[in-house]
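If you read the protein sequences in the order shown, they are chains W and X. With the first letter of the first sequence counted as 1, position 67 gets the number 67 in my numbering; the numbers rise by one all the way through. So the mapping is simple: my numbering equals the position in the second sequence, first residue as 1, plus 1000. Taking it in order: structure first as structure tokens, then the write-up.
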Amino acid sequence: MGIYWSVGTVLLLLAITAPLALLFGYGGASAARSQIAPLRWFGKTYMAVVRGVPDIAFFLFFVIALDQAIEYLRHKVLCPDWDMPVRQGSDFVVCQQAKMPLGNAAQWIHETYGFGLAVVTFSIVFGAFAANVMFGAMRAVPRGQLETAEAYGMSRRQVTRRILVPQMWVYALPGLSNLWMVLIKATPLLFLLGVEDIVYWARELGGTKTPNFTDYPHSDWRMWYFLALLIFYLLLTKASEAVLDRVMARLTRGQATAGGEAQRKAAV
Amino acid sequence: MSCLQTIADYGLRSLGIGERLLPRSDFTLCQQFTLIGSGMIWNIYFGIFALAAGFLLATALAMGKASRHAVLRKPAEWLIFIFRGSPLFIQFFFAYFLFLSLKGAVPAFGLFTSAWAGALVVLFFNTAAYSAEIFYGALLSIPKGDTEAADAYGLSGWSRFRRVIWPTMLRLAWPAYTNEAIFLFHATTLVFFSGFPALQQRGDALYYANYFADKTFNPFVPYPILAGYFIILTLIVITSFGLINARLNRHLPSDTRKKLRIRPQIIR
Chain W
1 MGIYWSVGTV
11 LLLLAITAPL
21 ALLFGYGGAS
31 AARSQIAPLR
41 WFGKTYMAVV
51 RGVPDIAFFL
61 FFVIALDQAI
71 EYLRHKVLCP
81 DWDMPVRQGS
91 DFVVCQQAKM
101 PLGNAAQWIH
111 ETYGFGLAVV
121 TFSIVFGAFA
131 ANVMFGAMRA
141 VPRGQLETAE
151 AYGMSRRQVT
161 RRILVPQMWV
171 YALPGLSNLW
181 MVLIKATPLL
191 FLLGVEDIVY
201 WARELGGTKT
211 PNFTDYPHSD
221 WRMWYFLALL
231 IFYLLLTKAS
241 EAVLDRVMAR
251 LTRGQATAGG
261 EAQRKAAV
Chain X
1001 MSCLQTIADY
1011 GLRSLGIGER
1021 LLPRSDFTLC
1031 QQFTLIGSGM
1041 IWNIYFGIFA
1051 LAAGFLLATA
1061 LAMGKASRHA
1071 VLRKPAEWLI
1081 FIFRGSPLFI
1091 QFFFAYFLFL
1101 SLKGAVPAFG
1111 LFTSAWAGAL
1121 VVLFFNTAAY
1131 SAEIFYGALL
1141 SIPKGDTEAA
1151 DAYGLSGWSR
1161 FRRVIWPTML
1171 RLAWPAYTNE
1181 AIFLFHATTL
1191 VFFSGFPALQ
1201 QRGDALYYAN
1211 YFADKTFNPF
1221 VPYPILAGYF
1231 IILTLIVITS
1241 FGLINARLNR
1251 HLPSDTRKKL
1261 RIRPQIIR
């Protein structure tokens, strides 16, 4: 049964991470364009730092760092009269109440917490990339469009909401769809973060003898399980390609771009 | 123990030379720097050999994909789709178990169950597929005038390819190919986290960084060290590819040259 659930886990991760990363990306891009200097610096630093650090190292690093940060904060709040240092040599010690999740919590809470950490990590990383794409897209919207809106007396906020945001998507989509493909291909890394995902189950179920399943002895099937995973991902890629093509066609409609012009000519 | 002693003991540990046991307690900064640096040998090995061999296959695949004959085009398209459409992580797993099963039938395949050969094969095909797509794009954007000029000079077949098409393709593709190279070096860190075992704890840089993070519960030291090593490696790659780029573009006036724009991606 586990493997079916884990396919759901992967799809759930995609479903939660994509909008979250988009939100982070939009926030980062808006911050980087902001008129307030500290906010602008924050946005730019966010994009630069996350994009500069090599790939998986970030995933491995961030999950532990996030976990320890949460526990440390809870420790400060919940146990104010704790007098020992938190970092004792090579151990990270916080008081019992600050443990996240609590030591006596049910198994599913532990799993959900692990999954949640993974989602946040994925969102932060992909958010930085999305921020970069959107930052570029916002600058790609023709200046004349914004100036016209300003000439009509719209405030900066109105310009952003009515002109900039509706128009930026067509410029952002190629980059974002690329990012979506990368995100799909990054999901097996959940395994490294300790979530029982499809990679975990393929190894478990395919192996000749596992602690979980001893009832059905069979030879080493792991190769076939991974072949199935390979095909699963290929299909996912193919399907998203088709969907994204349609979205692109829809977004291009009526835009002042080469694609929009081609559509207009085809219709005439 | 002095730092020089540590370097002597662990400098080539990733190749199995030097101290047999990894440090278990009282980790010093020097040990972390040395061991993670020692692991970089593997990252560089995988990167260089996969790039060099993949370059040749990529050229062939790009020509195949651009071919008018379906016999050449279809296999090239499929190979590119399969390796670009699925996660590298799953490819590693699948390849490892494939080689493991083949080993049962043909003992000669036992060679490929070890990381140095098996993972290299996967990385070779993977980078070939990604580079082939880049080269194919460049092939399509070769200026029409160039090929017409080649025809006018009476060049055809092999000499037309060698003197006009291939150099122009490389020139156009080089900035994107540099990104692919950087990206490949980052991807080498996945090897020992997939199926391939690190025999006698001879792993790559991320393997050792992860080892230290696990033992010390402190991700804030080993991962930044790893990141530092990778930034240096990336700078070396950028510099050497920049030199080749300058050579490829040496006939152009300096202001029309395509500048290298470094945009590392995350995970494939």
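Where is the CB? At the ideal position from N, CA and C, for every residue including glycine. Remember, it's a predicted structure, so these values are computed and weren't measured experimentally.
*Listing by chain order, which chain W residues have their CB less than 8 Å from the CB of ALA1128 (chain X)?*
Along the second sequence, one-based indexing puts residue 1128 (chain X) at 128. Against chain W, a Cβ distance below 8 Å from ALA1128 (chain X) picks out nothing, because the smallest value is about 17 Å.
*Give the secondary structure of ILE36 (chain W) by DSSP, where H, G and I count as helix, E and B as strand, and everything else as coil.*
Walking along the first sequence from the start, residue 36 (chain W) turns up at place 36. Coil, per DSSP.
_Beta carbons nearer than 7 Å to chain X: which residues of the segment 61-75 of chain W have them?_
Result list: PHE61, ILE64, ALA65.
*asked:* For a cutoff of 7 Å on Cβ pairs, would you count THR237 (chain W) as touching chain X?
replied: Translated into positions along the first sequence, residue 237 (chain W) becomes position 237. The C-beta of THR237 (chain W) comes closer than 7 Å to at least one C-beta of chain X.
*Quick one: residues in its chain with C-beta nearer than 7 Å to the C-beta of ILE198 (chain W), no 5 flanking neighbours on either side, listed in chain order?*
As a first step, residue 198 (chain W) is located in the first sequence; it is residue number 198 there, counting from the start. Taken in chain order, the residues that qualify are ILE3, SER6, VAL7, VAL10, LEU229.
*Measure the Cβ-Cβ separation of ALA1076 (chain X) and LEU1061 (chain X) and say whether it is below 7 Å.*
On the second sequence, residue 1076 (chain X) is found 76 positions in, with the first residue counted as 1. On the second sequence, residue 1061 (chain X) is found 61 positions in, with the first residue counted as 1. Yes, the pair counts as a contact, with Cβ atoms nearer than the cut-off.
*Quick one: Cα of PHE1112 (chain X) to Cα of LEU227 (chain W), how far?*
Taking the first residue of the second sequence as 1, we reach residue 1112 (chain X) at position 112. Taking the first residue of the first sequence as 1, we reach residue 227 (chain W) at position 227. In a straight line, the C-alpha of PHE1112 (chain X) is about 18 Å away from that of LEU227 (chain W).
*Using 10 angstroms around the beta-carbon of SER30 (chain W), count the other beta-carbons present and answer buried if the total reaches 16, otherwise exposed.*
Within the first sequence, residue 30 (chain W) is the residue found at index 30, counting from 1. SER30 (chain W) comes out buried.
*Please say whether GLY1016 (chain X) and TYR1207 (chain X) have beta carbons closer to each other than 7 Å?*
As a working note, residue 1207 (chain X) is residue 207 in the second sequence. As a working note, residue 1016 (chain X) is residue 16 in the second sequence. Not a contact, by the Cβ cut-off of 7 Å.
_How far does the alpha helix (DSSP H) with GLU261 (chain W) in it extend, from its first residue to its last?_
As a first step, residue 261 (chain W) must be located in the first sequence, where it is residue number 261. Unbroken alpha helix (DSSP H) run through GLU261 (chain W): 258-267.
*Whose C-alpha, out of X:GLY1203, X:PHE1217, X:TYR1211, X:HIS1251, is nearest the C-alpha of ILE1044 (chain X)?*
Along the second sequence, one-based indexing puts residue 1044 (chain X) at 44. For ILE1044 (chain X), the nearest C-alpha among the options comes from X:GLY1203.
*Counting contacts by CB-CB distance shorter than 7 Å, is PRO1087 (chain X) in contact with chain W?*
Taking the first residue of the second sequence as 1, we reach residue 1087 (chain X) at position 87. Interface residue (Cβ-Cβ distance to chain W less than 7 Å): PRO1087 (chain X) is classified as such.
*Roughly how many angstroms lie between the CA atoms of ALA137 (chain W) and THR1059 (chain X), to the nearest whole one?*
Indexing the first sequence from 1 puts residue 137 (chain W) at position 137. Indexing the second sequence from 1 puts residue 1059 (chain X) at position 59. The alpha-carbon atoms of ALA137 (chain W) and THR1059 (chain X) are separated by roughly 33 Å.
*Under a three-way DSSP split, which group does PRO19 (chain W) fall into?*
Sequence index remark: in the first sequence, residue 19 (chain W) carries index 19 (1-based). Helix, per DSSP.
*Is DSSP giving HIS75 (chain W) helix, strand or coil here?*
Residue numbering aside, residue 75 (chain W) sits at position 75 when the first sequence is read from its first letter. Three-state result, HIS75 (chain W): helix.
*Could you please tell me which residues of the segment 158-189 of chain W, in chain order, have their CB closer than 7 Å to any CB of chain X?*
Identification of residues in the segment 158-189 of chain W having a C-beta nearer than 7 Å to some C-beta of chain X yields VAL182, LYS185, ALA186, PRO188, LEU189, given in sequence order.
*Closer than 6 Å: is that where the CB of GLY1016 (chain X) sits relative to any heavy atom of the ligand HEM?*
The ligand HEM is absent from the structure shown, which contains no ligands of any kind.
*Would you mind telling me which residues of chain W sit closer than 9 Å to ALA1213 (chain X), beta carbon to beta carbon, in chain order?*
Within the second sequence, numbered from 1, the residue matching residue 1213 (chain X) stands at position 213. Neighbours of ALA1213 (chain X) on chain W, chain order: LEU60, PHE61, ILE64.
_One question on the structure: do GLY175 (chain W) and VAL125 (chain W) come within less than 7 Å of each other, judged by their Cβ atoms?_
As a first step, residue 175 (chain W) must be located in the first sequence, where it is residue number 175. As a first step, residue 125 (chain W) must be located in the first sequence, where it is residue number 125. No; because the gap between Cβ atoms is not below 7 Å, this pair is not in contact.
*asked:* Assuming PHE1099 (chain X) is part of the alpha helix (DSSP H), what are its boundary residues?
replied: Counting from one through the second sequence, the residue named residue 1099 (chain X) turns up at place 99. Element bounds for PHE1099 (chain X): 1088-1105.
*When the Cβ atoms of the segment 109-129 of chain W are set against those of the segment 161-173 of chain W, are three or more pairs found closer than 8 Å?*
Taking 8 Å as the limit for Cβ pairs, the verdict is that the segment 161-173 of chain W does not touch the segment 109-129 of chain W.
_To the nearest angstrom, how far is the alpha carbon of MET154 (chain W) from that of LEU164 (chain W)?_
By 1-based counting over the first sequence, the position of residue 154 (chain W) is 154. By 1-based counting over the first sequence, the position of residue 164 (chain W) is 164. C-alpha separation (whole angstroms): 12 Å.
*Exposure of ILE266 (chain W), with buried meaning 16 or more beta-carbon neighbours within 10 Å*: Taking the first sequence and counting its residues from 1, the one referred to as residue 266 (chain W) is at position 266. Inspection of the sequence shows that residue 266 (chain W) is occupied by Ala rather than by Ile. Flag for ALA266 (chain W) reads exposed.
*To the nearest angstrom, how far is it from the Cα of ARG40 (chain W) to the Cα of TYR72 (chain W)?*
Your numbering for residue 40 (chain W) matches position 40 in the first sequence. Your numbering for residue 72 (chain W) matches position 72 in the first sequence. Rounded to whole angstroms, ARG40 (chain W) to TYR72 (chain W) spans 29 Å at the Cα level.
*Quick one: Cα of ALA272 (chain W) to Cα of SER177 (chain W), how far?*
Because chain W here runs from 1 to 268, residue 272 (chain W) falls outside it and cannot be looked at.
_Every unbroken alpha helix (DSSP H) within the segment 1052-1092 of chain X, with a cutoff of 4 residues, ordered by chain_ = You should have 1070-1085.
_Contact between the segment 1105-1123 of chain X and the segment 1216-1223 of chain X is defined here as three or more beta-carbon pairs at a separation below 8 Å; is this criterion met?_
Cβ pair count under 8 Å is below three, so no.
*asked:* Alpha carbons only, please: which of X:ILE1080, X:ALA1052, X:GLY1054, X:ALA1053 is nearest the one belonging to GLY1064 (chain X)?
replied: As a position in the second sequence, residue 1064 (chain X) is number 64, starting the count at 1. When the alpha-carbon of GLY1064 (chain X) is set against those of X:ILE1080, X:ALA1052, X:GLY1054, X:ALA1053, the nearest one is in X:ILE1080.
*Can you tell me whether THR237 (chain W) is buried or exposed, with buried defined as 16 or more other CB within 10 angstroms of its CB?*
One-based indexing of the first sequence puts residue 237 (chain W) at position 237. So THR237 (chain W) ends up on the buried side.
*Which residues in the same chain have their Cβ closer than 7 Å to the Cβ of ILE1266 (chain X), if we skip the five residues on either side of it in sequence?*
Here residue 1266 (chain X) refers to the residue found at position 266 of the second sequence. Here the model assigns ILE1266 (chain X) a pLDDT of 49, short of 50, so the residue's position is not dependable and the matter cannot be decided.
*Are any of the Cβ atoms in chain B nearer than 7 Å to that of PHE115 (chain W)?*
Judged by its chain identifiers, the structure shown contains no chain B, and its protein chains are W and X.
*Considering only C-alpha positions, which residue in the set X:PRO1224, X:ASN1245, X:PHE1241, X:ALA1181 is nearest to ALA60 (chain W)?*
Counting from 1 along the first sequence, the entry for residue 60 (chain W) is found at position 60. The displayed chain sequence assigns Leu, not Ala, to residue 60 (chain W). When only C-alpha atoms are compared, the closest one is X:PRO1224.
*Of the residues X:SER1131, X:ASP1146, X:ALA1173, which one's Cα is nearest the Cα of VAL1164 (chain X)?*
Position 164 of the second sequence, counted from the start, is the residue given in the question as residue 1164 (chain X). Nearest C-alpha to VAL1164 (chain X): X:ASP1146.
*Do we get a CB-CB distance below 7 Å when we pair SER1101 (chain X) with the residues of chain W?*
For the purposes of this step, residue 1101 (chain X) is taken as residue 101 along the second sequence, with counting starting at 1. For SER1101 (chain X), the closest Cβ of chain W is nearer than 7 Å.
*Pick out whichever of W:THR45, W:TRP180, W:GLU147 has its Cα sitting closest to the Cα of ALA15 (chain W).*
Translated into positions along the first sequence, residue 15 (chain W) becomes position 15. The residue with the shortest Cα to Cα distance from ALA15 (chain W) is W:TRP180.
*Identify the contact partners of ILE1090 (chain X) in chain W, using a Cβ-Cβ distance below 8 Å as the criterion.*
For the purposes of this step, residue 1090 (chain X) is taken as residue 90 along the second sequence, with counting starting at 1. Residues of chain W passing the Cβ test: PRO188, VAL199, PHE226, LEU229, LEU230, TYR233.
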